[in-house]
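Chain order of the listed sequences is A and B.
Be aware that the first sequence starts at 127, since it is given in our numbering, and climbs by one per residue.
Be aware that the second sequence starts at 14, since it is given in our numbering, and climbs by one per residue.
Yeah, the Cβ is synthetic: ideal placement off N, Cα and C, and Gly gets one too.
Bear in mind that the values here come from a model prediction, so they are computed numbers and not experimental data.
Report on one structure; see the data block that follows.
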Amino acid sequence: MTSRPEHLPERLALISDVQAAEYISTGLLAGREGIPSIALNKVVEPLPDDDARWQLHRVRDLLDDALSKFRDERPTAADAWLAPRLHATLRLTRREAAEKRFWTYMALGVAPDYVVWRHLSEPRADGSRGGVARDRFVGAHYKQTFARLWWAAELFRDGPDYRPAVVACGNQDMLNSALRLDIVDHRPTALALVGLMEKGSVRTGREVNALTRAVNAAAATLMYDVIAPDTEPDGEPLRDWIAGAASALPVPRNTLPEGPEEERVPADAVHGLIAHFEELFGDAAVRGRTSEERD
Amino acid sequence: MRVYPYPRLSGAVTARVTAVRLRGPGDTREQLDSRGCSVVEQVVALGLAERDDWHTARLSVAATVPIREIESKGHWSDVEVVAVLTEGATNARTVARLAPGPGGGREWTGEIELNRDDHLDRVSLAVHVVATVGGTAGRVIASTDQDWVIDVTADAPLRERRLDVSTVSFARGAEWLRGFREAPWIVDTSGRMPTVRLNSDFEGLVALVEGTGSKVERVVGEMVLAQMCADVWTAVFHTAIGDLEIEDDGTPLFPPDWRGAVLREMLPDIFPGRAAEDALREVHIRRTGEGSWADLQPRIHYAAGRRAEVPGTLTATVRGIERLDQETHA
């Protein structure tokens, strides 16, 4: 089984796709082999500037806790717990989070064991096991193991409040389908999708997919930013939050951490969109049912 | 062409950035030099800022809207004009409302703020006209044809990207380069932008490419450069096409970064006369095994050669050699 790297340096780093490719072996993807961590750390690139946020043990400790806490549960259950805590531990700007090499290093250099534990597919009926998809190590922001959780927390939080992100990550379909769509880049839209889940208007994976598809299709001609305006963005709270990283305590394991003190999403904008999306979803659901009946 | 289930404006909407003010720590302010903003290219190069510690860039935007059409046709009410900044790589989206100026609302102006921490590379600026149509609020009734590009790092306002060429010793460079120690150059497409690595161990190559030698060397150097560029275009095309996002219904999507830009530029040469989305789908189908991938290769090479200006450079090389021959025989 892929194990915790033997050698964990003090600081996080970057690793390019080309270099990473050498370490993503079939044995690793099958969950049988680990990473030769000393060799790997010889080819990585250092992160710029000496920043407390790049201390590796902060994030490794968090992942160790996640592994022990969810040992006896389905690995998917760990997403909703880990996403806000990973986000609050790393305290990244979006510019930093857009750096693919950072996430690849997290997967290979910090916690290949976590990637394998979380994404090794369930044993099939004949006892054989499918491996881990390569894009869980090196992949798009909505696929890569840690990037997808960080972005889910980033896009679904309500200012400092991570609760909507916990709801979104509690549903794999929401996490998988919404994260790749541009519509969630508009905060009121993201929170309205969560609101519909909380209300119970959408429950099953099929319903969540129908909803996100309908909302996305409508966004081709409708500007949600005008129908449901967000507040003006302000970069100051995030800069303060990042500056406070050096003196920050490890994120709480039992209660939710708090994010940067950004302004909350206007509640009336979210409510307006919830009503609007319910209508859209109603139409989409009706169409879905009739097409099923025809099948 | 797309069909919309409601009336849209037929007149054009145009936008331009008229000024850029940068703000940094301690409320320091700087007006971006006018050289950093090209109205022809529709590009703003924020790398030209004198201070590198700026936090926000406030862009003054002016948009021209076909107001006569709006008034005369009467389909639309609650007309608003908004500027939108987006960048795929950071999932960032910022929206600002513009206000009608004096003189009947043909010209709308306003400001939109770009927060540096939210951006990595190239940000698109679009202007949309939004209105209530047939009882539905928030309909997009027109948009700018071409987005402005706000380049967060570039120091020249150019739409076309310059190729990043770096010279390194393959034998003594990074581990992975050692395997290529006999190659004159390789194309690295794994990063944020494709780069060419020139092998400094390859004797005479660097001088040749830099064009510092004799006339003959300069002529040959141009040819080598064109060939290198063609290699780059071919490599980036294959990288871009090999890593496409696919929708549930099988539709491939244009990547949000340079890969998308490369595909949009090359596809018209690969499938002339086809819409970009159709051409992308066709290439994807061929690559994934249905239809012929091999048949497409000459077209990919043709497109790459054209982008790299191989035919023109070769013509110039042939003429240059003829002229040199005449000079030596004269």
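Alpha carbon to alpha carbon, how far is residue j from residue i? Give it in angstroms, no decimals.
{"i": "B:Asp282", "j": "B:Thr252", "result": "18 angstroms"}
{"i": "A:Ser163", "j": "B:Arg210", "result": "27 angstroms"}
{"i": "B:Glu260", "j": "A:Ala304", "result": "12 angstroms"}
{"i": "A:Glu418", "j": "A:Trp276", "result": "Confidence is the limiting factor: at A:Glu418 the pLDDT is only 45, short of 50, which leaves the residue's position unreliable and the question unanswerable from this model."}
{"i": "B:Asp131", "j": "B:Val33", "result": "17 angstroms"}
{"i": "B:Arg36", "j": "B:Ile125", "result": "13 angstroms"}
{"i": "B:Glu43", "j": "B:Arg71", "result": "10 angstroms"}
{"i": "B:Gly39", "j": "B:Glu120", "result": "34 angstroms"}
{"i": "B:Ala58", "j": "B:Thr166", "result": "7 angstroms"}
{"i": "B:Gly101", "j": "B:His314", "result": "29 angstroms"}
{"i": "B:Thr27", "j": "B:Val78", "result": "7 angstroms"}
{"i": "B:Glu216", "j": "B:Phe183", "result": "12 angstroms"}
Assign residue i to buried or exposed, taking buried as 16 or more other Cβ atoms, counted over all protein chains shown, within 10 Å of its Cβ.
{"i": "A:Ala343", "result": "exposed"}
{"i": "B:Ser227", "result": "exposed"}
{"i": "B:Val229", "result": "exposed"}
{"i": "A:Pro314", "result": "buried"}
{"i": "B:Val52", "result": "exposed"}
{"i": "B:Pro170", "result": "buried"}
{"i": "A:Arg179", "result": "buried"}
{"i": "A:Ala372", "result": "exposed"}
{"i": "B:Ala144", "result": "buried"}
Closer than 8 angstroms by C-beta to residue i: which residues in its own chain qualify, once you throw out the five before and the five after it? Chain order, please.
{"i": "A:Gln181", "result": "Glu136, Arg137 and Leu138"}
{"i": "A:Asp311", "result": "Leu281"}
{"i": "B:Gly304", "result": "Glu295 and Ile298"}
{"i": "A:Trp367", "result": "Arg217, Gly385, Pro386 and Glu387"}
{"i": "A:Gly157", "result": "Met127, Thr128, Val242, Leu246, Arg255, Gly257 and Val258"}
{"i": "A:Glu171", "result": "Ala139, Leu140, Ile141, Ser142 and Arg227"}
Excluding the 5 residues preceding and the 5 following residue i in the sequence, name in chain order all residues of the same chain whose CB lies nearer than 6 angstroms to its CB.
{"i": "B:Leu266", "result": "Glu258"}
{"i": "B:Thr31", "result": "Ser73 and Ala75"}
{"i": "B:Ala243", "result": "Ala317, Gly318, Ala321 and Val323"}
{"i": "A:Cys295", "result": "Asp205, Ala206, Ala209, Ala278 and Leu301"}
{"i": "A:Arg262", "result": "Val241, His245 and Thr271"}
{"i": "A:Ala273", "result": "Trp229 and His267"}
{"i": "A:Ala237", "result": "Leu189"}
Which residues does DSSP list as the beta-bridge partners of residue i?
{"i": "B:Val323", "result": "B:Val323 pairs with nothing; no bridge assigned."}
{"i": "B:Val123", "result": "Note that residue 123 of chain B corresponds to Gly in the displayed sequence, not to Val. Paired residues: B:Val74."}
{"i": "B:Asn212", "result": "B:Val181"}
{"i": "B:Val95", "result": "B:Arg110 and B:His141"}
{"i": "B:Asp338", "result": "Partner(s): none; B:Asp338 has no beta bridge."}
{"i": "B:Glu63", "result": "In the DSSP output, where bridge partners are listed per residue, B:Glu63 has none listed."}
Can you give me the Cβ contacts of residue i inside the same chain, cut-off strictly under 7 angstroms, excluding the 5 residues immediately before and after it?
{"i": "B:Asp158", "result": "Ala25"}
{"i": "A:Asn297", "result": "Met323 and Val334"}
{"i": "B:Pro113", "result": "Trp121"}
{"i": "B:Val200", "result": "Pro207, Val209, Asp244, Val245 and Ala248"}
{"i": "A:Val144", "result": "none"}
{"i": "A:Asp191", "result": "Arg379"}
By the DSSP assignment, the beta strand (DSSP E) with residue i in it spans what residues?
{"i": "B:His132", "result": "Unbroken run through B:His132: none, as it is neither H nor E."}
{"i": "B:Val178", "result": "Asp177 to Val181"}
{"i": "A:Trp367", "result": "Element bounds for A:Trp367: not the beta strand (DSSP E) but the alpha helix (DSSP H), Glu362 to Ala369."}
{"i": "A:Asp287", "result": "Element bounds for A:Asp287: n/a, residue is neither H nor E."}
{"i": "A:Asp187", "result": "Segment Leu182 to Lys195 is the alpha helix (DSSP H) holding A:Asp187; no beta strand (DSSP E) there."}
{"i": "B:Leu111", "result": "Ala105 to Pro113"}
{"i": "A:Thr230", "result": "Looking at the DSSP string, A:Thr230 is not in any beta strand (DSSP E); the run it does join, the alpha helix (DSSP H), is Lys226 to Tyr231."}
{"i": "A:Leu382", "result": "No beta strand (DSSP E) holds A:Leu382; DSSP gives it neither H nor E."}
{"i": "B:Gly359", "result": "Outside the displayed range of chain B (14 to 343) lies residue 359 of chain B, so it cannot be described from this structure."}
{"i": "B:Arg36", "result": "Thr27 to Arg36"}
{"i": "B:Trp161", "result": "Trp161 to Asp164"}
{"i": "B:Ala58", "result": "Val56 to Ala58"}
{"i": "B:Ile199", "result": "Trp198 to Asp201"}
Looking at the secondary structure, which residues open and close the alpha helix (DSSP H) in which residue i lies?
{"i": "B:Val249", "result": "Lys228 to Ile254"}
{"i": "A:Ala206", "result": "Ala204 to Leu216"}
{"i": "A:Ala278", "result": "Thr271 to Phe282"}
{"i": "A:Gly321", "result": "Arg313 to Lys325"}
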